[in-house]
Structure formats: C-alpha cells, structure tokens
DNA sequence: CCAAAAGTGTTTATTGTACACCCATGA
DNA sequence: TCATGGGTGTACAATAAACACTTTTGG
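Protein chains in written order, with the working numbering: chain A, 25 to 269; chain B, 25 to 269.
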C-alpha cells in the first residue's frame, strides 16, 4: 500500500519465460478484478497462473497490452483469454507502479473492475491459466504481487460507483424482487439498509417497474416481481445521480 | 475523446530525436496539468517544446518515466525539469492510451493535476522546454496530441476534488478573507455562489478560524482575515466530506 | 397457529436554497 | 454623501433517518 522502499530489481528470472508473444508491450499489463454476486455473497474471479512468475498461484486475471491495442480492448481480451469471460463492462481503476511489484522485470499494471453475474458466464481456463474459479471475498487465497492492493482499490471504486449509478441490470435475473435488489446493495456496500427507506429511494428513481406477478417459489410470502426500465436505467447510468444509503 | 480508428503508427519520425536519455521507459510518459489561481482567474502552465515531435508548440509539461522510478516521483521530476515548478501536490488523473496519440511511436501517458499559486513558484524553462508561461484558461493556444483532452479531464477531476476536500491552503496567502476564498471556489467551479450560504458551509466545517485583524488595504470596507486551522484542514483532506455547492 | 420474510407511512432532524438589508470604508 | 463590496439571519423546501405493525405464505 503506497510507497515502498526501492528493492533490487531487473533480476530477470529465467524461470520459465514460456515464449511471451512477440507483439506485446512488456512494460504495461492489465489486471482485472471481476466481482461476482451470487447467493448473497460477493465473489472474485481468480485463475491459477500457468506460466511466468508465481506460476501455480491463484491471481487476478491479467496479461500484457499489445502494441497497437487500446487499454480497454486489451482488458477485455486478456480477461477472455485467461478466464473465458467476455464482454463485460470494465472500468479503469488506476495505475499500479511499485518498482518491484513484478519480480521478473518492471511492469506497470492498469487495474480494471467489473461486477457480473457468475451464472451468465462459462469459465474456461485459457492461455496463461490452468484453472479458473470464483472465490467468496471472505475466503480469498494468498495472492502474488500487489494483487491484494488492486482488489481493495477496485472494491472501493465499485462501492463509490454504486452511489451514482444504478446497478442490478447485469447481475439480477430479468424479473427480480425488491428484497433481492436490496440484498445486492447490502452485500456490495457491506452494511444493512433500512427496508422502507431503500424502497422509497429505489422506487423514487423509477428505473424499476413493478409487474403483477409475484415470486411464488420463495417458500414464504411471495414478493412482487419487478423489471428494469431500460430507458430510465440507461439514462441514470449516463447522467448519474446522488444515492446516499 | 474515446475510441478512434487505428491509424498507421510506428512511423518513427527521425525529425530530431535529440538523444533521449538512456534510462527512460519509452512507452510511458507523464503529462502534468498545473492549474494556477491568480487575479481571480484560472490559468494553466504550459511550456514550449524544445525537442521531439511538435517542437516549437506550446504543450503540457511532460516527459518519460525512468526505469526505476515511481509514477508520482516521475511526475514531480518531469514537472521540475521542464518548468522549474517543484514540490506540488500532484494527483493522478488517468491513463491516456489512444494508439496514435503520439506521432513518433506508441506512448501511454499518465495525466496528473495540481492547483497551485503561481506567485509561489519561479518558472524556469528546463531540459525540453524553450519557454514556460501561464495561460488563462480562456486563452490557451493550440495544443499537440491529446493534450486538450487531458486538460479537460484534469479540470473535471479538480472540480470533483473541491467537493470532498478543502482547498485554499496551498493557494491563498496565510491570512485571507472569506470573499477571497469564495472567489477561489467560484472560479474553479465556474459558477457564482451565494455569499451567505457559502459562509455558513465554510464556517460550519471549522477548518478556518477568524482573526481579529481585518484586511485594510482593499480600498473598501475591510474584510475580516482568516487563517486555516492546519489540524482540521488536514483531517478533512484525508477523510473527505460532502460539499454540495 | 406459528415462523419467516414481505409489505407499508409517518414523524423528526438535517440540510439545501432562496432571499434583502445594513455597514464600513475611501474617494 | 455616494459607490462599493463586506457582513448578517430567516423561512421554506427537500432530503435523510428512525421507527413498528400487518400480511401472506408453507409447514
């Protein structure tokens, strides 16, 4: 976290430099912090490193940027190649630049975040991964490099985002209940919310609309189902709003 | 602004590659947007390029990151070397990565902002600059590369920052009046503020304290002088607050 | 009929916003 | 005495926050 003493670097480990592709920029990498929401818990997507430094450890999906590739495009590609997850809404988190953050040579990494619904993506261990898995946030294995820091900053970013953009569309089923939506917010913010105030706020934004159907397989009193109003949702996503909770 | 068609790059202009230092990372540069506040106007610090692409044009002070240097350190150094300005509180704005943003080869640049008081710094055209000058925001010359975009994003960042951190300490004289502080906020936010509401807010934060002296050389009714309360100011700077104006 | 979660309004406190007049000074 | 900017308080509106009981279902 923050500055560190400058340690000897450029050790250029010759461990197993399994032929890095030719057209990459060796100084700039991407790391993706993909949060998933399922069963009322936040999870993070990790992959086991199949090559390079810290081979065998679980780490954030990441990789190098190509010579003529934009950063966001690289992030999408890298994520897809290592984990099979593609077409997510990634957002830049910042540059991580500690001099010895990567042991083999100096690499600046650009962190990215997304929040997705695990069950909508098929995981597939790709190029540099031997295994891909979701880990509940409370149970994350030891991570290499500065990946813990990147995760923390990413989580803060996500929490901030929730305060000025609607969420849920990409995470909840098409038809969902308000208690479900509330749980989503609670899990992300890490605190309980008042049921009545929450409803007041959400309904006041008008980005969800109530259906006549109810959710009958909950076992208890059925909750009304709601749908996102795509137009209003999109507007709020672009324009932003203030959402104190 | 956003994605662009990928244009042919790597033209490697051999214009006047005035011997780039050996220990730099050619792919990663820094650009600094230094805003100055003086005479109730916002200015930006530019330098005339003495070497490389767009030589002769005014541009943001910038330069490359060294091989074992952290980004923030690089930003301070580059700023000092090109303009003489040093020891400012720089903040990261983001990565600018358009494939052809720099004509000679591909360079990712990390934008930085600071807000300073021009009269506390002596300008000195250094290494890659032939001239250094402040330009009022309304009168900025044509800038090369994506420097206009970087400036815009930096200004937005500054405006956001003003809403959750106190400002003024580094810009106003040790003893200042509330009308002075209000003008500062108005200039940065680009809009007028209500005098009474402004005072209520500021005084409510308790990061300024009123002195018994008044400012007697204003020509009009003397205004009371205030000082920043360093402790409270620092606390708010770290913890942040909500400041709607 | 019991347990469990869904649903529903009101009151109070806090915060934002709009607004108008008197005051101290130098010229 | 006038022009100029400095200083002050209040009322209204909007928003946040606290809070408890009834309803519906499955077992």
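For each residue, glycine too, the CB sits at the ideal point set by N, CA and C.
Query                                                                                                             : Result
Neighbouring residues, chain A, relative to residue 259(B) (Cβ below 8 Å)                                         : What residue 259(B) touches in chain A: nothing, since even the nearest Cβ is about 19 Å away.
Whether residue 109(B) touches residue 147(B) by CB criterion (8 Å)                                               : yes
Residue-level contact to chain B via CB, residue 130(A), 8 Å cutoff                                               : yes
Environment of residue 153(A) [buried if 16+ CB atoms lie within 10 Å]                                            : buried
Residue 121(A) at chain B interface by Cβ criterion, 8 Å                                                          : yes
Members of the stretch 89–106 of chain A that neighbour chain B once the beta carbon cut-off is set at 7 Å        : 91, 92, 94 and 95
Contiguous alpha helix (DSSP H) assignments of at least 4 residues, all confined to the stretch 78–147 of chain A : 95–107
The stretch 82–91 of chain B / the stretch 77–97 of chain A touching (three or more Cβ pairs under 8 Å)           : no
Among 104(B), 102(B), 112(B) and 68(B), nearest to residue 167(B) - alpha-carbon criterion                        : 68(B)
Beta-ladder partner(s) of residue 153(B), from DSSP                                                               : 73(B)
Contact check, residue 138(B) vs residue 112(B), beta carbons under 8 Å                                           : yes
Proximal chain A residues relative to residue 116(B), where beta-carbon distance stays under 9 Å                  : 118 and 119
Chain B contact residues for residue 58(A), given Cβ-Cβ distances below 9 Å                                       : Going along chain B, no residue has its Cβ under 9 Å from residue 58(A), so there is no contact; the nearest lies around 20 Å.
Neighbour list for residue 49(A) in chain B, Cβ cutoff strictly below 8 Å                                         : 51 and 130
Residue 214(A), enclosing beta strand (DSSP E) - first and last residue                                           : From DSSP, residue 214(A) is part of no beta strand (DSSP E); its letter is neither H nor E.
Min CB distance residue 134(A) to chain B below 8 Å                                                               : yes
Three-state class that DSSP yields for residue 203(B) in the structure shown                                      : helix
Cβ neighbours of residue 191(A) in the same chain (closer than 8 Å, five flanking residues each side left out)    : 139, 185, 208, 209 and 212
Span of the alpha helix (DSSP H), counted from its first residue to its last, around residue 177(A)               : 171–185
Simplified DSSP assignment, three categories, for residue 61(A)                                                   : strand
Buried or exposed (CB count within 10 angstroms, at least 16 for buried), residue 245(A)                          : exposed
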